[in-house]
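J.: Can you keep this structure in mind? I'll have questions shortly.
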Amino acid sequence: MKRTRVCELFGIDYPIVQAPMGWIACAELVAAVSNAGGLGTLGPAAGARNQDEDRDIDAVEKCLREQIREVKALTGKPFAVNFPIGWGKQKIVNERRVAAALDEGIPIANVSMGSPEVLTKRFHDVGVKVIHIVTSAKHARKAEAAGVDAIVCIGHEAGGHIGPDEIPTFVLVPQVVDAVKVPVIAAGGIADARGLVATLALGAEGVYMGTRFMATYECSAHPNMKQAVIEADDTSAVAFGRRTGISRCLKNAYTDRHTELEAKGATFEEIRDYERSGDDLEGWRRVPAALINGNIEYGSAACGSIAGNINEILTAEEVIRRMVDGYQSVIKRLED
Ligand SMILES: Cc1cc2nc3c(=O)[nH]c(=O)nc-3n(C[C@H](O)[C@H](O)[C@H](O)COP(=O)(O)O)c2cc1C
1 MKRTRVCELF GIDYPIVQAP MGWIACAELV AAVSNAGGLG TLGPAAGARN
51 QDEDRDIDAV EKCLREQIRE VKALTGKPFA VNFPIGWGKQ KIVNERRVAA
101 ALDEGIPIAN VSMGSPEVLT KRFHDVGVKV IHIVTSAKHA RKAEAAGVDA
151 IVCIGHEAGG HIGPDEIPTF VLVPQVVDAV KVPVIAAGGI ADARGLVATL
201 ALGAEGVYMG TRFMATYECS AHPNMKQAVI EADDTSAVAF GRRTGISRCL
251 KNAYTDRHTE LEAKGATFEE IRDYERSGDD LEGWRRVPAA LINGNIEYGS
301 AACGSIAGNI NEILTAEEVI RRMVDGYQSV IKRLED
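Counted from 1, the sequence shown has number 154 at position 154 by the working numbering; the numbering is strictly sequential.
Here it is, written out as structure tokens:
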């Protein structure tokens with residue numbers, strides 16, 4: 001299949017990147033993707049043994065170091081680590097993660113949820129390549145100006161945190177491609193060879209997939225979460241939380257209540273209190289409740305709209321092989 005600048009830049013066989021997913025994109029998945037010729041990415045809280053470990057800064061550092069070492073033990077291929085910059089306590093935690101990752105030695109940093117000016121130079125000074133995550137052409141220009149090596153643009157269809165501008169992948173990708181010269185990687189709603197060919201046609205030089213890789217054997221998501229992904233249809237995932245930070249998750253009692261509170265005009269604090277309450281979760285926090293404890297009804301079950309197209313749990317290698325093989329058939333079909 002076509003080798004793009006993304007392949008050259010990161011030293012990978014195929015321009016297929018596994019997106020970071022908090023708690024569940026751990027060493028086993030990352031190494032499997034990289035060994036299959038794509039680029040695996042460790043997510044935040046990867047390897048955490050309980051839901052409080054991502055709040056204990058020493059445990060966060062220990063966990064990340066162990067995960068990086070495990071990836072290196074499982075693959076000699078390139079891989080990335082996600083650094084969500086965030087704010088407040090998250091920023092301090094992220095700072096400790098960056099220092100630990102640089103000490104361990106990583107080839108590629110994936111930076112999300114913050115300005116590209118914060119970390120790019122620091123990574124470049126020690127030879128680490130930088131992928132920056134954006135959700136609009138304006139932010140892509142800013143990332144390029146800060147010197148990042150590649151840009152991931154995430155469309156509104158994506159699972160997890162999505163941009164406040166709510167721009168769908170099909171219209172976002174060509175506008176970002178036209179706005180910058182660095183390679184652009186498309187994200188949001190891609191799960192097979194058709195999505196790969198379509199986004200390459202729009203000018204992207206790679207794809208970035210979270211939801212598809214959630215339904216793999218190597219992903220650490222709870223079996224209930226994987227089952228919910230393969231049972232989902234095209235309407236199962238909803239965007240919600242426009243007041244407190246928009247995300248796309250499986251529609252459930254939690255997203256219904258959240259949406260209802262917003263519609264009733266609840267204040268930011270009231271909605272935040274509901275998000276943080278554990279009454280319906282036996283003390284679990286929303287995100288780990290769904291992703292690692294399997295509470296699909298009341299947890300925050302991040303998932304993209306493309307789940308409706310994902311019907312089987314596969315190995316990560318099989319996901320990549322099907323995309324690579326399927327690429328040829330899709331191109332042939334277009335030419336026939
Ligand atoms: C379960 C789940 C957890 C996620 N957690 C993170 C995260 O911790 N950091 C991040 O930058 N993006 C996170 N994302 C977003 C993905 O990195 C990526 O943008 C998204 O999955 C791409 O769209 P897709 O789901 O349609 O493939 C998450 C997505 C999912 C589905």
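Cβ atoms here follow ideal geometry from the backbone N, Cα and C, with glycine treated the same way.
Given 8 Å as the limit, tell me if S236 has its C-beta closer than that to any heavy atom belonging to ligand 1.
T.: Outside the cutoff, so no.
J.: Please check the pair T169 and A186, which I expect to be a contact at CB under 8 Å, by giving their CB distance rounded to whole angstroms.
T.: Yes, T169 and A186 are in contact; Cβ-Cβ is about 6 Å, under 8 Å.
J.: Among the residues of its own chain, which have a CB less than 6 Å from the CB of F240, if the five just before and after it don't count?
T.: Cβ within range, chain order: T255, H258, T259.
J.: Where does K142 fall in DSSP's three states?
T.: Of the three classes helix, strand and coil, the one that applies to K142 here is helix, per DSSP.
J.: Can you tell me whether K226 is helix, strand or coil according to DSSP?
T.: Here K226 sits in helix by DSSP.
J.: Could you name the residues that DSSP lists as bridge partners for R248?
T.: Per DSSP, G160, A239.
J.: Smallest Cα separation from L64: which of E317, G43, S112?
T.: Nearest of E317, G43, S112 to L64, Cα basis: G43.
J.: Reducing DSSP to helix, strand and coil, say where K264 ends up.
T.: Looking at K264 - three-state DSSP - the assignment turns out to be coil, as it is neither helix nor strand.
J.: Leaving aside the five residues before and after S236 along the sequence, list all residues of the same chain whose C-beta is less than 7 Å from its C-beta, in chain order.
T.: Cβ neighbours of S236 beyond the five flanking positions: L250, K251, A307, G308.
J.: Is P223 near ligand 1 - that is, is its Cβ less than 8 Å away from at least one heavy atom of it?
T.: It does not: the Cβ of P223 is nowhere closer than 8 Å to a heavy atom of ligand 1.
J.: Could you pull out every unbroken alpha helix (DSSP H) segment of at least 4 residues lying fully inside the region 96-130, listed in chain order?
T.: Runs found: 120-125.
J.: Can you tell me which of the three DSSP states M209 falls into?
T.: Of the three classes helix, strand and coil, the one that applies to M209 here is strand, per DSSP.
J.: In the DSSP assignment, find the alpha helix (DSSP H) that holds L314 and state where it starts and stops.
T.: First-last for L314: undefined, no H or E at that position.
J.: If the criterion is Cβ atoms closer than 9 Å, does the pair E297 and A253 meet it?
T.: Their beta carbons are under 9 Å apart, which means E297 touches A253 by this criterion.
J.: Considering only the alpha carbon of each residue, which of Y14, S112, I246, Q175 lies closest to K138?
T.: That would be Q175, whose Cα lies nearest to the Cα of K138.
J.: Should I92 be labelled buried (16 or more other beta-carbon atoms within 10 Å of its own) or exposed?
T.: Looking at its Cβ environment, which holds fewer than 16 other Cβ atoms inside 10 Å, I92 is exposed.
J.: Taking 9 Å as the threshold (C-beta atoms), are I131 and I151 in contact?
T.: Their beta carbons are under 9 Å apart, which means I151 touches I131 by this criterion.
J.: So is the beta-carbon of V176 under 8 Å away from any non-hydrogen atom of ligand 1?
T.: Every heavy atom of ligand 1 is 8 Å or more from the Cβ of V176, so no.
J.: Cutting at 6 Å between CB atoms, please list the residues of its own chain near D280, excluding the five before and the five after it.
T.: Cβ neighbours of D280 beyond the five flanking positions: Y298.
J.: Give me the Cα-Cα distance between A301 and R322, rounded to the nearest whole angstrom.
T.: So the alpha carbons of these two residues sit roughly 26 Å apart.
J.: From G195 to A36, what does the alpha carbon distance come to, in whole angstroms?
T.: Computed Cα separation, rounded: 19 Å.
J.: In chain order, which continuous runs of the alpha helix (DSSP H) of length 4 or greater are located wholly inside the region 6-90?
T.: Counting only runs of 4 or more, we get 27-35, 57-74.
J.: Are the CB atoms of S247 and G160 nearer to each other than 9 Å?
T.: Yes, they are a contact pair.
J.: Please state whether DSSP places V148 in a helix, a strand or coil.
T.: In the structure shown, V148 sits in coil (DSSP, three-state: anything other than H, G, I, E or B).
J.: Ligand 1 and C303: does any heavy atom of the ligand fall closer than 8 Å to the residue's C-beta?
T.: Indeed, a heavy atom of ligand 1 lies less than 8 Å from the Cβ.
J.: Round the Cβ separation of G353 and P223 to the nearest angstrom and send it over; I've been treating them as touching at under 8 Å.
T.: Given that the chain is displayed from residue 1 to residue 336, the structure contains no residue 353 and the question cannot be resolved.
J.: When the Cα of A101 is compared with those of I68, D165, A201, K2, which residue comes out closest?
T.: When each option's Cα is compared against that of A101, the closest is I68.
J.: Within this structure, are the beta carbons of I108 and V81 separated by less than 9 Å?
T.: Result yes, Cβ atoms of I108 and V81 sit closer than 9 Å.
J.: From the DSSP output, in three-state form, read off I167 for me.
T.: Looking at I167 - three-state DSSP - the assignment turns out to be coil, as it is neither helix nor strand.
J.: Short check: CB of L39 to CB of T216, under 9 Å?
T.: No. Outside cutoff.
J.: So, is L349 buried or exposed, given that buried needs 16 or more other C-beta atoms within 10 angstroms?
T.: Lying before the first or after the last residue shown, residue 349 is absent from the chain, which here runs from 1 to 336.
J.: Would the C-beta of H161 count as close to ligand 1, meaning under 8 Å from any of its heavy atoms?
T.: Result yes, Cβ under 8 Å from ligand 1.
J.: Helix, strand or coil for V324, going by three-state DSSP, please let me know.
T.: It is helical.
J.: Identify the continuous alpha helix (DSSP H) that holds A198 and give its terminal residues.
T.: A198 -> alpha helix (DSSP H) spans 193-201.
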